[in-house]
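Enquirer:
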Amino acid sequence: MLFVTNNDTVYGLGANDRGCLGFGNDMYVKTPLIIRELIGQRIQQFINGNDFVLAMDEENHVFSWGRNHKGQCARDVTPEGVYLKPQLISQLNDKNIAYICCAGWHSLALTTDGKAYGWGDNTWGQIGCGWGDNIVTKLGHNSHENHYNGLFIELSAIGSGGFGTVYKVKHRIDEHVYAVKRVQIKDFSEEYLQRVYKEVRNLGAVRSDYCVQYYNSWPEDKHLYIQMEFCSQNMRNIVEVKPQVFGRQLGEAMDCV
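Each residue of the sequence shown is one higher than the one before, counting from 1 in UniProt numbering.
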């Protein structure tokens, strides 16, 4: 049990499994004890995980304590049997958290401007930043970098120009190679965005064995990412190979009708 008194003092009482009461140990607490790290912190709510606790103050700053073997307290992973005392998650101080929730060994936080942050156990991608790794003090959020890096392994840059940069990437799950184009969005007016989205819709509407295949796109953090089929041939290679395909000499013009 955790509770706050009228004089802004936080107490812990009862079962203390995996250090969930914030005393740095897992001993049962028979009478209410003051959690000294939280005195005067104006705690407004507690959010319970499986074996850790988060607390928010009146300025929406977040504290964490308890077990941290998966980084669920948003700190460097600690060994089994080490239980943390309350400490401010300083990386969230300027994020203006509006809502926060805990699962077994991970947490998600939503800001007032619509960004979602996650940390802790990410074995199955439950914090939304790829899958297979823990995101601890980094506190990944739903940005293009996490989506891009979470789904793809960047192999090389294919080329760049006034409309962005194209990367050769390998998908982490299906292991296929794709081309992903990153375009900076410099104008966020409705008219400009509609033109950009229209171009993407046009790409998606083209279905032909003779055109590069469009797969997916997503706008994030002032950029638009476009996932396309990767073509191993470039124009120079095509020019060199085409005469052989049509049975003519290099430099000889094609017949026309």
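Glycine residues also receive a C-beta, built at the ideal position from the N, C-alpha and C atoms. This structure is a prediction, so every number in the text was calculated from the model and none was measured.
Counting beta carbon pairs with one atom in the segment 101-119 and one in the segment 66-85, are three or more of them shorter than 8 Å?
Expert: The segment 66-85 is in contact with the segment 101-119.
Enquirer: Would you say Val177 and Lys170 are within 7 Å of each other, going by their C-beta atoms?
Expert: Position 177 of the sequence shown holds residue 177. Position 170 of the sequence shown holds residue 170. In this structure, Lys170 lies closer than 7 Å to Val177 by Cβ.
Enquirer: What distance in whole Å lies between the Cβ atoms of Leu54 and Val10, which are believed to be in contact at a cut-off of 8 Å?
Expert: Residue mapping note: residue 10 aligns to position 10 of the sequence shown, counting from 1. Residue mapping note: residue 54 aligns to position 54 of the sequence shown, counting from 1. Their Cβ separation, rounded to whole angstroms, is 13 Å, which puts Val10 and Leu54 out of contact at 8 Å.
Enquirer: Give me whichever residues DSSP pairs with Gly184 in a beta bridge.
Expert: Numbered from 1 along the sequence shown, position 184 holds the residue referred to as residue 184. Sequence inspection shows Gln at residue 184; the Gly mentioned does not correspond to that position. Answer by DSSP bridge pairing, in chain order: His223.
Enquirer: Go ahead and pull the three-state DSSP assignment for Ala15.
Expert: Residue numbering aside, residue 15 sits at position 15 when the sequence shown is read from its first letter. Reduced to three states, the DSSP call for Ala15 is coil.
Enquirer: Tell me, please, which residues DSSP counts as bridged to Ala179.
Expert: Counting from 1 along the sequence shown, the entry for residue 179 is found at position 179. In the DSSP output, where bridge partners are listed per residue, Ala179 has Lys168, Met228.
Enquirer: Quick check on this structure: which residue in Glu190, Lys168, Lys186, Asp209 has the alpha carbon closest to the alpha carbon of Phe230?
Expert: Residue numbering aside, residue 230 sits at position 230 when the sequence shown is read from its first letter. It is Lys168.
Enquirer: Classify Arg42 as helix, strand or coil using the three-state DSSP reduction.
Expert: As a first step, residue 42 must be located in the sequence shown, where it is residue number 42. Looking at Arg42 - three-state DSSP - the assignment turns out to be coil, as it is neither helix nor strand.
Enquirer: Would Gly66 and Asp51 qualify as a contact pair, given that the criterion is a beta-carbon distance under 7 Å?
Expert: Sequence index remark: in the sequence shown, residue 66 carries index 66 (1-based). Sequence index remark: in the sequence shown, residue 51 carries index 51 (1-based). Contact flag set, yes.
Enquirer: Ends of the alpha helix (DSSP H) at Lys198?
Expert: Indexing the sequence shown from 1 puts residue 198 at position 198. Looking at the DSSP string, the run of the alpha helix (DSSP H) that includes Lys198 is 190-205.
Enquirer: Nearest-angstrom Cα distance between Val62 and Ser208?
Expert: Counted from its first residue, the sequence shown places residue 62 at position 62. Counted from its first residue, the sequence shown places residue 208 at position 208. Distance between the alpha carbons of Val62 and Ser208: 52 Å.
Enquirer: Name the residue from Gly19, Gln41, Ala15 whose alpha carbon lies nearest to the alpha carbon of Val29.
Expert: Locating residue 29 in the sequence shown gives position 29, counting from the first residue. Measuring from the Cα of Val29, the nearest candidate turns out to be Ala15.
Enquirer: So for Arg67, helix, strand or coil by DSSP?
Expert: Taking the first residue of the sequence shown as 1, we reach residue 67 at position 67. Three-state DSSP puts Arg67 in a strand.
Enquirer: Could you tell me which residues DSSP puts in a beta bridge with Asp57?
Expert: Taking the sequence shown and counting its residues from 1, one reaches residue 57 at position 57. Asp57 pairs with Ile43.
Enquirer: Give the single residue among Phe188, Leu155, Arg182, Ser232 whose Cα lies nearest to the Cα of Arg172.
Expert: Numbered from 1 along the sequence shown, position 172 holds the residue referred to as residue 172. Out of Phe188, Leu155, Arg182, Ser232, Leu155 has the C-alpha closest to the C-alpha of Arg172.
Enquirer: Pull up the distance between the alpha-carbon of Val4 and that of Ala116, whole angstroms please.
Expert: For the purposes of this step, residue 4 is taken as the residue at position 4 of the sequence shown. For the purposes of this step, residue 116 is taken as the residue at position 116 of the sequence shown. Rounded to the nearest angstrom, the two C-alpha atoms are 28 Å apart.
Enquirer: With a CB to CB cut of under 7 Å and the five nearest residues on each side skipped, what residues in its chain are close to Phe46?
Expert: Within the sequence shown, residue 46 is the residue found at index 46, counting from 1. Excluding positions up to five away in sequence, the list reads Leu2, Val53, Ala55.
Enquirer: Among the candidates Gly161, Val166, Ser160, Gly159, whose CA atom is the shortest distance from the CA of Tyr148?
Expert: Position 148 of the sequence shown, counted from the start, is the residue given in the question as residue 148. Among Gly161, Val166, Ser160, Gly159, the Cα nearest to that of Tyr148 is on Val166.
Enquirer: Would a C-beta distance cut-off of 7 Å place Arg42 and Asp57 closer than the cut-off?
Expert: Position 42 of the sequence shown holds residue 42. Position 57 of the sequence shown holds residue 57. Yes, they are a contact pair.
Enquirer: What are the residues that DSSP puts in a beta bridge with Glu154?
Expert: Sequence index remark: in the sequence shown, residue 154 carries index 154 (1-based). Paired residue(s): Val169.
Enquirer: Under DSSP, the beta strand (DSSP E) around Val82 begins and ends at which residues?
Expert: Sequence index remark: in the sequence shown, residue 82 carries index 82 (1-based). Val82 -> no beta strand (DSSP E), and no H or E assigned at all.
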